[in-house]
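Worksheet: one structure, shown below.
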Amino acid sequence: SRKDMNIGNCLNKLKVIPVAISYEYDPNDLIKAREVFASINNTAYKKADGEDLKSIADGISKNKGNVCLNIGKEIRFDSESYEECADIITKKINELYKNHPTNHAAKNLLTNRNYISQEHQKAVEYLNKQMSHIPDEMHDTYLKQYSNSL
1367 SRKDMNIGNC LNKLKVIPVA ISYEYDPNDL IKAREVFASI NNTAYKKADG
1417 EDLKSIADGI SKNKGNVCLN IGKEIRFDSE SYEECADIIT KKINELYKNH
1467 PTNHAAKNLL TNRNYISQEH QKAVEYLNKQ MSHIPDEMHD TYLKQYSNSL
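Note that our numbering has the sequence shown beginning at 1367, numbered continuously upward.
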């Protein structure tokens, strides 16, 4: 029975295939920054009527720049540990994830690096333009959304 199977065997029966999707621009980056900032600062975030539906529609229809979808190979699990299996899945997804210039530019801006490559200059301009729409105290929260994959 399923109750007698260890987690590795259960996952092997599911035939887990890791998938990573990344995109250069997040159409909902400003909304996410506001919501995360409120959460970090223990302040209430009041969603506008229909905000979730609008976010879904924007995420589907608005510009995401360069999009990368990577599909891995089936993962075979030897472990009986939930944590080890979760770590294996996370590692495989991270290996498939493609970072974009916006990810690197955000990391550079967060760490106050003065050197910005030509390749990342357009990304820096995009991020700065977006951040002009939110208060300065939200900038780090905003940039971390893009840099957290590095």
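Every residue, glycine too, gets a C-beta built ideally from N, C-alpha and C.
Note to self: Mapping the DSSP letters down to three states, classify V1490 as helix, strand or coil.
What the structure shows: helix
Check: To which residues does DSSP link I1387 through a beta bridge?
Finding: L1435
Notebook entry, point to check: Apart from the five residues on each side of it in sequence, which residues of its chain come closer than 7 Å, Cβ to Cβ, to A1386?
Noted result: N1436, I1459, L1462 and Y1463
Next item on the list: Confirm, please, whether the CB-CB distance from A1471 to H1486 is below 7 Å.
Entry: In this structure, A1471 lies closer than 7 Å to H1486 by Cβ.
Next item on the list: Evaluate the contact criterion for the segment 1418 to 1435 versus the segment 1389 to 1398: three or more CB pairs, one atom per stretch, below 8 Å.
Entry: yes
Next item on the list: Entirely within the segment 1447 to 1505 and at least 4 residues each: give me those alpha helix (DSSP H) ranges in chain order.
Entry: 1448 to 1462, 1467 to 1476 and 1484 to 1497
Check: What is the DSSP secondary structure of I1441, reduced to helix, strand or coil?
Finding: Correct three-state label for I1441: coil.
Note to self: If the criterion is Cβ atoms closer than 7 Å, does the pair L1475 and L1516 meet it?
What the structure shows: no
Notebook entry, point to check: Along the chain, where does the alpha helix (DSSP H) that runs through S1405 open and close?
Noted result: D1395 to I1406
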